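Numbering (the numbering used here), first residue to last: 43 to 587. Glycine included, each C-beta is placed from N, C-alpha and C at the ideal position. Because the structure is a prediction, the values reported are computed rather than measured. What follows is one structure encoded as structure tokens, with my remarks underneath.
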């Protein structure tokens, strides 16, 4: 969804509400700091005027030194407040994003590019620092400083005030507005393509082994190069607008400074201002452009930030397909009834009027060709998706009315690809039960026939596993996944092709572990292998509709 720049900024600024007090302090420090900076050349002009009249300038020099010191202190205080606000808010926004990702999973995140999400969570959020640290308070500071200077010029002569107003309006409003119009689209496209490139590179790194095996790395390299060139073109367009904006700003500053001198001199010739004011007015004009020049630079500096903000808001506006239940029922695990359910992925119907009774404390084997809905059925039983029609009942309660936490306690899943994190074996196992004792870890691993292997490692259960579990074999990964399920100790164990990528030896070890520890558990085993289903008490064959 595309939003106007004003819509994006208005939504982003809402996050500042908890930090409004510190923001006010930053603005006050900024106003005082810029006024101290402006006073230094103005006091210098006063000093020149005094010297021309044969007077001493000791007090002027002391005042200039004090202004310089105050400028440094106040500038530091302003920036410290702004960056404190920015980094606090970035941490808060990341927390909101992770909460949203948790809310959207599993149904929504399954179809999103992971690299794009990583880009959003990292670089897109980081770009918001430009808005929170270098936009909100500078806009307020520029407004108040310009107002003070316009009033100051007006006290000397209304025409001087009018010239000052025109100068600040052109540099601080007109130029940023024009630049923003020219760069905002490029900024949005840049952030979108940056996310897509991140996804492409991540996919390439993960598939590097296959690319090397099939000698396709060259084609992939060309793809990365093509995306990089496209991204460079977007960035070049933004830089060109920035260069144009800088030129316009510099021309405007010089033009209005000259105009101010000409107008002041003309007024002097008509006796409307004094010689002293002819000297002060142009110097005040030149020295007061700092705050509005900062605004002028924001016209292009915010281009990527607005694109990042739009992507962030798009994510936060997404609606979860499955909403967690926290005020429903808690049930004791009993028989599961699947009654006339239908389900489709968009327009592709996978299950239609499907019914099934899963007996308690039995192993139900499900066999069928790829695409017949075996894995989809397990996802529906775990409520990763909701059925389009029909009901799934546990203990005679509709699964949609059961508290999500209660449902998760009853269910455990071992899929065909176990996800292992770059952490210790113990930490990977404790995902299933965070407060598990060492004895419980050992017991679960013994049941999964993986304990002996772990003890052969140099650091045992504290051994670090490489990213994506690349430091252990496929069989070892699956047995660790089964150990997780045993540690979780749910009454309902779902096995989704747990041995499809394993040899017969590892397959036998895993299935034997399941059969040995099936007591008190209802197990659904999905597989296309007949050998995997020999332990099943009942067998269901599914057909593709």
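Check: In whole angstroms, give me the CA-to-CA distance for residue 201 and residue 306.; Outcome: 9 Å
Check: Taking the DSSP output, what are the residues bridged to residue 439?; Outcome: 436
Check: Touch check for the segment 190-207 and the segment 87-102: three-plus C-beta pairs under 8 Å?; Outcome: no
Check: Can you tell me whether residue 387 is buried or exposed, with buried defined as 16 or more other CB within 10 angstroms of its CB?; Outcome: exposed
Check: How long is the line joining the alpha carbons of residue 376 and residue 531, rounded to whole angstroms?; Outcome: 15 Å
Check: With respect to the beta strand (DSSP E) encompassing residue 584, which residues constitute its N-terminal and C-terminal limits?; Outcome: 580-584
Check: Roughly how many angstroms separate the alpha carbons of residue 272 and residue 81, rounded to a whole number?; Outcome: 48 Å
Check: Under 8 Å between the Cβ atoms of residue 191 and residue 69?; Outcome: no
Check: Leaving aside the five residues before and after residue 180 along the sequence, list all residues of the same chain whose C-beta is less than 8 Å from its C-beta, in chain order.; Outcome: 72, 333, 336, 337 and 340
Check: For residue 162 versus residue 362, is the C-beta distance shorter than 8 Å?; Outcome: no
Check: Quick one: grab the DSSP three-state call for residue 76.; Outcome: helix
Check: Measuring only the C-alpha atoms, how far is residue 371 from residue 445?; Outcome: 6 Å
Check: When you compare the CB positions of residue 325 and residue 84, do they come within less than 8 Å of one another, or not?; Outcome: yes
Check: So, using beta-carbon positions, are residue 289 and residue 47 closer together than 8 Å?; Outcome: no
Check: Tell me where the beta strand (DSSP E) around residue 588 begins and ends.; Outcome: Lying before the first or after the last residue shown, residue 588 is absent from the chain, which here runs from 43 to 587.
Check: Would the segment 482-497 count as touching the segment 512-525 if we require 3 or more Cβ pairs under 8 Å?; Outcome: yes
Check: Return the first residue and the last residue of the alpha helix (DSSP H) that residue 588 is part of.; Outcome: No statement about residue 588 is possible, as the shown extent of the chain runs from 43 to 587 and does not include it.
Check: Going by C-alpha distance, which of 498, 529 and 149 is nearest residue 478?; Outcome: 529
Check: Excluding the 5 residues flanking residue 399 on each side, which residues of the same chain have their C-beta closer than 6 Å to its C-beta?; Outcome: 379
Check: By the DSSP assignment, the alpha helix (DSSP H) with residue 565 in it spans what residues?; Outcome: No alpha helix (DSSP H) holds residue 565; the beta strand (DSSP E) holding it covers 564-568.
Check: Could you have a look at residue 387 and say whether DSSP puts it in helix, strand or coil?; Outcome: strand
Check: Taking the Cβ atom as the reference point for each residue, do residue 124 and residue 78 lie within a distance shorter than 8 Å?; Outcome: no
Check: Nearest to residue 170 by alpha carbon, out of 136, 465 and 421?; Outcome: 136
Check: Would you say residue 131 and residue 61 are within 8 Å of each other, going by their C-beta atoms?; Outcome: yes
Check: Hey, could you find the ends of the beta strand (DSSP E) residue 456 is sitting in?; Outcome: 453-456
Check: Would you give the residue range spanned by the beta strand (DSSP E) that residue 405 belongs to?; Outcome: 405-410
Check: Closest by CA to residue 317, which one among 199, 475, 432 and 579?; Outcome: 199
Check: Between 217, 448 and 578, which has its C-alpha nearest residue 294's C-alpha?; Outcome: 217
Check: According to the neighbour-count rule (16 or more other Cβ atoms, all chains shown, within 10 Å of its Cβ), is residue 401 buried or exposed?; Outcome: exposed
Check: Is any non-hydrogen atom of the ligand MN found closer than 7 Å to the C-beta of residue 493, if you look at the structure I gave you?; Outcome: This structure lacks the ligand MN, and indeed carries no ligand of any kind.
Check: Quick one: what does DSSP say residue 445 is sitting in, helix, strand or coil?; Outcome: coil
Check: I'd like to check one pair, residue 240 with residue 160: are the Cβ atoms closer than 8 Å?; Outcome: yes
Check: Ordered along the chain, which non-local residues of its own chain (more than five positions away) have a Cβ less than 7 Å from that of residue 119?; Outcome: 71
Check: I think residue 346 touches residue 233, with their Cβ atoms under 8 Å apart; what is that distance to the nearest whole Å?; Outcome: 6 Å
Check: Which parts of the segment 136-169 are runs of the alpha helix (DSSP H), unbroken and 4 residues or longer, counting only runs that do not cross its ends?; Outcome: 156-161
Check: Report the three-state DSSP secondary structure of residue 392 (helix, strand or coil).; Outcome: strand
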